[in-house]
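Undergrad:
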Amino acid sequence: MNDKISIILPIFNVGDHLRGGIDSLINQTIGNENLEIIMVNDCSTDGSDKIIDEYAEKYDCCIAIHHEKNSGAAYTPRNTGIDACTGDYIMFLDPDDRYTPDACETLYHAAKKNNADVAFGRFRRIFEYGGKVQKSFSPYIDTLENSYPNETFDTANFLDVPDFIWDNFVERFLYGKTLEVTYPRDVPIDTIHVENIEQEPDLLKMAPAVWSKIYKRELITDNNLRFQPFVSGDDMAFSLEALLKAKGIVFLNNFMCYNYYIRDLPNDKSITNTVNVRLLYELMESYIYCRQCTEGFSKEVQTVSINPHLLHWTNSWKSSPFTKEENKLLLSEVNKLKSIHNTDLKTKILLSSISTAIESKIQIQKE
């Protein structure tokens with residue numbers, strides 16, 4: 001193998017799970033001699049810094065970088081990793097998750113074989129507190145039961161609603177008319193290969209995860225792609241920009257490349273389950289940024305890239321007790337998006353319903 005794959009890990013206080021994440025890279029079937037594992041410590045205080053130094057000393061493929069000041073979010077260490085890496089391809093791992101053993105090899109060969117800027121696969125959502133495993137949402141029929149005969153999967157979509165409700169009600173409401181597509185929806189699909197996102201906008205219906213993808217280095221460097229300074233939504237913006245600019249996209253519908261772990265109990269008050277005004281504010285900022293990125297693309301691309309996230313945002317807002325001033329702040333962000341994201345009638349109705357709900361809440365709240 002002549003190419004090298006750089007894998008970037010943003011690290012902050014993940015000591016309990018860090019070794020498992022790094023080991024999932026060390027043991028990749030492609031051989032760690034073909035990897036450059038860049039571990040960026042964002043001023044951890046739990047011993048994560050010592051763990052990555054240990055790996056950097058033990059393995060030639062591991063590089064430890066230590067920030068002098070905590071940035072407060074994953075976007076800065078990810079950008080540090082991009083600036084430092086030398087690989088021909090770039091991947092990302094959240095260090096408390098795991099790559100499947102052949103993730104790097106399979107995604108690399110898919111990108112290389114098809115001369116694609118981006119290749120990506122499916123992922124598992126593993127709920128440690130209940131033992132449930134979900135497969136990531138795909139708008140295409142899969143045959144995962146053949147690829148993984150010993151596993152049983154639930155389906156995950158943006159709202160975690162049953163497939164029938166999503167397919168027949170929610171998806172139709174979000175996207176309006178059925179999109180013109182290159183690949184059929186009524187037969188199993190194994191691999192999708194298109195030259196650009198306009199040929200298959202439905203690829204944007206899937207979770208905008210950066211860690212389920214491999215990127216050709218030139219795509220990132222030539223377009224100066226970097227993670228935007230959002231506490232939440234930075235991965236969505238990066239993933240969308242990459243797919244919009246990619247020349248050649250491959251999706252492996254029957255390949256699980258990543259295990260995404262959900263370790264918090266449903267009523268846990270940890271950061272992953274706590275919704276605050278800054279998180280929703282910056283999430284809406286990321287939607288505005290993403291909508292601006294799609295300017296000049298088709299209405300289908302503009303609609304598919306934003307609308308499902310709006311329902312997720314609304315669900316998060318409804319479940320959180322914000323003050324009157326906080327709701328006013330969030331309403332201003334919704335109205336910003338509303339002024340530029342008006343691709344069709346259903347989109348206008350969706351945004352108007354969100355702003356009306358917030359306005360109604362503000363009216364009944366005390367100062």
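full-length UniProt numbering puts the last residue of the sequence shown at 367; the count rises by one with no breaks. Virtual Cβ for every residue (Gly too), placed ideally from N, Cα, C.
Among E359, A111, K113 and S353, which residue has its Cα nearest to the Cα of N307?
TA: By one-based count along the sequence shown, residue 307 stands at place 307. Minimum Cα distance to N307 is reached at S353.
Undergrad: Where A56 and P208 are concerned, what is the direct C-alpha to C-alpha distance, given to the nearest angstrom?
TA: Taking the sequence shown and counting its residues from 1, one reaches residue 56 at position 56. Taking the sequence shown and counting its residues from 1, one reaches residue 208 at position 208. Approximately 30 Å, taken between the alpha carbons.
Undergrad: Restricting to Cα atoms, I'd like to know which of E333, D190, S305 and K112 is closest to E282.
TA: Counting from one through the sequence shown, the residue named residue 282 turns up at place 282. Selected option, being the one with the closest Cα: E333.
Undergrad: Following the continuous beta strand (DSSP E) through R125, name the residue where it begins and the one where it ends.
TA: Position 125 of the sequence shown, counted from the first residue, corresponds to residue 125. Run containing R125: V118 to F127, per the beta strand (DSSP E) assignment.
Undergrad: So, using beta-carbon positions, are C104 and Q199 closer together than 7 Å?
TA: Position 104 of the sequence shown holds residue 104. Position 199 of the sequence shown holds residue 199. No, the pair does not count as a contact, with Cβ atoms beyond the cut-off.
Undergrad: Leaving aside the five residues before and after L9 along the sequence, list all residues of the same chain whose C-beta is less than 6 Å from its C-beta, in chain order.
TA: Reading the sequence shown from its first residue, position 9 is the one you call residue 9. Within the same chain, and ignoring the five residues on either side of L9 in sequence, the residues whose Cβ sits closer than 6 Å to its Cβ are M39, L93 and P95.
Undergrad: Have a look at I271 and P321 and give me their C-alpha separation to the nearest angstrom.
TA: Your numbering for residue 271 matches position 271 in the sequence shown. Your numbering for residue 321 matches position 321 in the sequence shown. With a pLDDT of only 42 at I271, under 50, the local geometry of the prediction cannot be trusted, and no value is derived from it.
Undergrad: If you count every other CB in all the chains shown that lies within 10 Å of the CB of T347, and 16 or more means buried, which is it?
TA: Indexing the sequence shown from 1 puts residue 347 at position 347. It counts as buried.
Undergrad: Using the rule of at least 16 other Cβ atoms within 10 Å of the residue's Cβ for burial, across every protein chain shown, is N273 buried or exposed?
TA: The count along the sequence shown starts at 1 and reaches residue 273 at position 273. The pLDDT assigned to N273 is 46, lower than 50, so where the model puts this residue is not dependable; a value taken from the coordinates is nonetheless given after this. Exposed, since its Cβ has fewer than 16 Cβ neighbours within 10 Å.
Undergrad: Please classify P149 as buried or exposed, where buried requires at least 16 other C-beta atoms within 10 Å of its C-beta.
TA: In the sequence shown, the residue the question calls residue 149 occupies position 149. Exposed, since its Cβ has fewer than 16 Cβ neighbours within 10 Å.
Undergrad: CA-CA distance, H309 and G72?
TA: Mapped onto the sequence shown, residue 309 falls at position 309. Mapped onto the sequence shown, residue 72 falls at position 72. If I take the Cα positions, the gap works out to 23 Å.
Undergrad: Please state whether the Cβ-Cβ distance between K247 and D117 is less than 7 Å.
TA: Stepping through the sequence shown from its first residue, residue 247 is reached at position 247. Stepping through the sequence shown from its first residue, residue 117 is reached at position 117. Contact flag set, yes.
Undergrad: So what's T294 in DSSP terms, helix, strand or just coil?
TA: Residue mapping note: residue 294 aligns to position 294 of the sequence shown, counting from 1. Coil at T294, not helix or strand.
Undergrad: Could you check the C-alpha separation between C62 and I37 for me, to the nearest Å?
TA: Here residue 62 corresponds to residue number 62 of the sequence shown, with the count starting at 1. Here residue 37 corresponds to residue number 37 of the sequence shown, with the count starting at 1. Using only the alpha carbons, I get a separation of about 5 Å.
Undergrad: Under a three-way DSSP split, which group does N79 fall into?
TA: The residue you call residue 79 lines up with position 79 of the sequence shown. In this structure, N79 counts as helix in the three-state DSSP scheme.
Undergrad: Taking N13 as part of the beta strand (DSSP E), name the residues at either end of that continuous run.
TA: For this step, residue 13 is matched to residue 13 along the sequence shown. Per DSSP, N13 belongs to no beta strand (DSSP E) and is neither H nor E.
Undergrad: So the alpha helix (DSSP H) H193 belongs to, where does it begin and stop?
TA: By 1-based counting over the sequence shown, the position of residue 193 is 193. No alpha helix (DSSP H) holds H193; the beta strand (DSSP E) holding it covers T191 to V194.
Undergrad: For the alpha helix (DSSP H) containing N253, list its first residue and its last residue.
TA: As a working note, residue 253 is residue 253 in the sequence shown. Looking at the DSSP string, N253 is not in any alpha helix (DSSP H); the run it does join, the beta strand (DSSP E), is I249 to I262.
Undergrad: In terms of residue numbering, what span does the alpha helix (DSSP H) encompassing A103 cover?
TA: On the sequence shown, residue 103 is found 103 positions in, with the first residue counted as 1. Where A103 is concerned, the enclosing alpha helix (DSSP H) stretches over A103 to K113.
Undergrad: With DSSP as the reference, label M39 as helix, strand or coil.
TA: Taking the first residue of the sequence shown as position 1, residue 39 is located at position 39. Note: M39 maps to strand in three-state DSSP.
Undergrad: Is the beta carbon of L203 sitting closer than 7 Å to the one on F251?
TA: Position 203 of the sequence shown, counting from 1, holds the residue named residue 203. Position 251 of the sequence shown, counting from 1, holds the residue named residue 251. Yes. Within cutoff.
Undergrad: Just to confirm my understanding: we take P101, look at its own chain, exclude 5 residues before and 5 after, and list those with CB closer than 6 Å. What are they?
TA: As a working note, residue 101 is residue 101 in the sequence shown. Hits under 6 Å: T29.
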